[in-house]
Amino acid sequence: MKIAYFDCFAGISGDMVIGALLDLGLDPAVLEYELCKLPLEGYRLQVSRVEKCGIQTTHFQVILTDATGEHLADAEFQEVEQPAETHHPHHHTQHAHPHRSLTEIIRLIQDSHLSAAVKSTACQIFTRLGQAEARVHGVSLEQVHFHEVGGIDAIVDIVGAAIGLEQLGLERIYASPLHLGSGFVRCAHGLFPVPAPATANLIAGVPVYSSAVKGELVTPTGAAIITTLAQQFGPLPAMVIQATGYGAGSRDREIPNVLRVFLGYRKIIDQESRNLTSECTTPILSLTQ
Numbered sequence: 000m001k002i003a004y005f006d007c008f009a010g011i012s013g014d015m016v017i018g019a020l021l022d023l024g025l026d027p028a029v030l031e032y033e034l035c036k037l038p039l040e041g042y043r044l045q046v047s048r049v050e051k052c053g054i055q056t057t058h059f060q061v062i063l064t065d066a067t068g069e070h071l072a073d074a075e076f077q078e079v080e081q082p083a084e085t086h087h088p089h090h091h092t093q094h095a096h097p098h099r100s101l102t103e104i105i106r107l108i109q110d111s112h113l114s115a116a117v118k119s120t121a122c123q124i125f126t127r128l129g130q131a132e133a134r135v136h137g138v139s140l141e142q143v144h145f146h147e148v149g150g151i152d153a154i155v156d157i158v159g160a161a162i163g164l165e166q167l168g169l170e171r172i173y174a175s176p177l178h179l180g181s182g183f184v185r186c187a188h189g190l191f192p193v194p195a196p197a198t199a200n201l202i203a204g205v206p207v208y209s210s211a212v213k214g215e216l217v218t219p220t221g222a223a224i225i226t227t228l229a230q231q232f233g234p235l236p237a238m239v240i241q242a243t244g245y246g247a248g249s250r251d252r253e254i255p256n257v258l259r260v261f262l263g264y265r266k267i268i269d270q271e272s273r274n275l276t277s278e279c280t281t282p283i284l285s286l287t288q
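Dropping the structure here:
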């Protein structure tokens, strides 16, 4: 069984997930080709090799563009004074810039030419993210809207993660406890302590921890991806490691700001083999008594 272990010692975000999968061998051209099956415009992909604390890693970024292809700078995503960081808001309130409803995003994915498996995985992740946002704002799932800017980012990250899992042939995902970080994050309605409200909903029932490392280490998109995909949270399971991928975060911190993913396999012994082993060993055991 081909598996992956997500070591979230520096947290997890959507772009870190894609970066780690690319580092493990996901072909950037294949990722871009598959994403083009979505009727989505206004962005381009950027993949680069960067060094984090002496480690070579892969950095993935969604560059938002206007109709001419020029980069768009959005004030909502600018760095703010420490300890607060800017959080990509997804909520239901009315703002001047356009936004997509969860229903529209699900329809966009379902109507695409992506594989059935990718569609299913991406829709599960988005639905979980939408449910978390709905609980935060006290609205129905149908009323949840994602800002156009944050929406494009989240769509590419979530669908890209689903594509990467399929392309790498992963059958099961495991993850470490999630390192949340500390400090405050700036949301649409002001400063909130880490984890952000939606993230707090998403990580319910999952082992997490905090530390003196400042910043939002687990984003809502990252939390939605890993809590949907991971079958188990805990220490590294018994596995044969074949490759290690490092997905870089955008900021530099006092620890390597990377998501480390181990790719490998587990040997599964079926019940028939267990029974056969038991039958073969029973007479030998009886002779020694």
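Just so you know, numbering that gives the first Met the number 0 puts 226 at position 227 of the sequence shown, and the rest follows in order with no gaps. Each residue gets a CB set at the ideal place from its N, CA and C atoms; glycine is no exception.
For this session: Can you have a look at Ile-62 and say buried or exposed, based on whether 16 or more other CB atoms are within 10 angstroms of its CB?
Result: As a working note, residue 62 is residue 63 in the sequence shown. Exposed, because fewer than 16 other Cβ atoms sit within 10 Å of the Cβ of Ile-62.
key: Delimiting residues of the beta strand (DSSP E) encompassing Arg-185   = Mapped onto the sequence shown, residue 185 falls at position 186. That run of the beta strand (DSSP E) goes 183 to 186.
Rounded separation between Glu-170 and Thr-243 - CA only:
The count along the sequence shown starts at 1 and reaches residue 170 at position 171. The count along the sequence shown starts at 1 and reaches residue 243 at position 244. Rounded to the nearest angstrom, the two C-alpha atoms are 17 Å apart.
Bounding residues of the alpha helix (DSSP H) (the contiguous stretch that carries Pro-192): Locating residue 192 in the sequence shown gives position 193, counting from the first residue. Where Pro-192 is concerned, there is no enclosing alpha helix (DSSP H), although the beta strand (DSSP E) it sits in stretches over 189 to 192.
Item to complete: Please name the residue in Asp-14, Ile-2, Ala-223 and Ile-240 whose C-alpha comes closest to that of Ala-121.
Response: Stepping through the sequence shown from its first residue, residue 121 is reached at position 122. For the residues Asp-14, Ile-2, Ala-223 and Ile-240, the minimum Cα distance to Ala-121 belongs to Ala-223.
Worksheet item: Do three or more CB pairs link the stretch 188 to 202 to the stretch 125 to 134 at distances below 8 Å?
Response: yes
Among all the DSSP beta bridges, which residues are the ones paired with His-58? Looking up residue 58 in the sequence shown gives position 59. His-58 pairs with Ser-47.
Sub-8 Å separation of Thr-57 and Asp-22 beta-carbons: On the sequence shown, position 58 is the one that residue 57 refers to. On the sequence shown, position 23 is the one that residue 22 refers to. Result yes, Cβ atoms of Thr-57 and Asp-22 sit closer than 8 Å.
task = Answer yes if the stretch 137 to 145 comes into contact with the stretch 162 to 176, meaning at least three C-beta pairs across the two stretches below 8 Å, and no otherwise.
result = no
Helix, strand or coil for Ser-100, going by three-state DSSP, please let me know. Start at 1 with the first residue of the sequence shown, and residue 100 comes out as number 101. Note: Ser-100 maps to strand in three-state DSSP.
Item to complete: Spatial neighbours of Glu-253 within its chain, please: CB distance less than 8 Å, with the 5 preceding and 5 following residues excluded, ordered by chain position.
Response: The residue given as residue 253 occupies position 254 in the sequence shown. Here the set comprises Val-212.
message = Looking only at its chain, what residues have a beta carbon closer than 6 Å to the beta carbon of Glu-36, apart from the 5 residues adjacent to it on each side?
response = By 1-based counting over the sequence shown, the position of residue 36 is 37. Note on identity: in this sequence residue 36 is Lys, with Glu being the wrong assignment. Same-chain partners within the cutoff: Ser-111, His-112 and Leu-113.
Enclosing alpha helix (DSSP H) for Thr-198 [first to last residue]: Counting from 1 along the sequence shown, the entry for residue 198 is found at position 199. Unbroken alpha helix (DSSP H) run through Thr-198: 196 to 201.
Practice item. Look at the alpha carbon of Phe-191 and the alpha carbon of Gly-246, and state the distance between them as a whole number of angstroms. Key: Taking the sequence shown and counting its residues from 1, one reaches residue 191 at position 192. Taking the sequence shown and counting its residues from 1, one reaches residue 246 at position 247. Looking at the two C-alpha atoms, the distance is approximately 26 Å.
Problem - Alpha-carbon spacing of Ala-74 relative to Ile-2, whole angstroms - result: For the purposes of this step, residue 74 is taken as residue 75 along the sequence shown, with counting starting at 1. For the purposes of this step, residue 2 is taken as residue 3 along the sequence shown, with counting starting at 1. With a pLDDT of 31 at Ala-74, under the threshold of 50, the modelled position of this residue cannot be trusted, and the question is left open.
For my contact list, Gly-150 and Arg-185 are in at a C-beta cut-off of 8 Å; report their separation, rounded to the angstrom. Here residue 150 corresponds to residue number 151 of the sequence shown, with the count starting at 1. Here residue 185 corresponds to residue number 186 of the sequence shown, with the count starting at 1. So it is not a contact: roughly 19 Å between Cβ atoms.
Alpha carbons only, please: which of Asp-156, Ile-154, Ser-209 and Ala-174 is nearest the one belonging to Gly-180? Locating residue 180 in the sequence shown gives position 181, counting from the first residue. For the residues Asp-156, Ile-154, Ser-209 and Ala-174, the minimum Cα distance to Gly-180 belongs to Ser-209.
Q: For Asp-26, count neighbouring Cβ atoms within 10 angstroms of its own Cβ and tell me buried if that reaches 16, exposed if not.
A: For this step, residue 26 is matched to residue 27 along the sequence shown. Exposed is the call here.
Next item on the list: Tell me, please, which residues DSSP counts as bridged to Asp-6.
Entry: The residue labelled residue 6 in the question sits at position 7 within the sequence shown. Answer is Arg-259, bridged to Asp-6.
Below 7 Å CB to CB, which residues in the same chain sit around Glu-231 once its five sequence neighbours on both sides are set aside? Taking the sequence shown and counting its residues from 1, one reaches residue 231 at position 232. Inspection of the sequence shows that residue 231 is occupied by Gln rather than by Glu. Answer for Gln-231: Tyr-173, listed in chain order.
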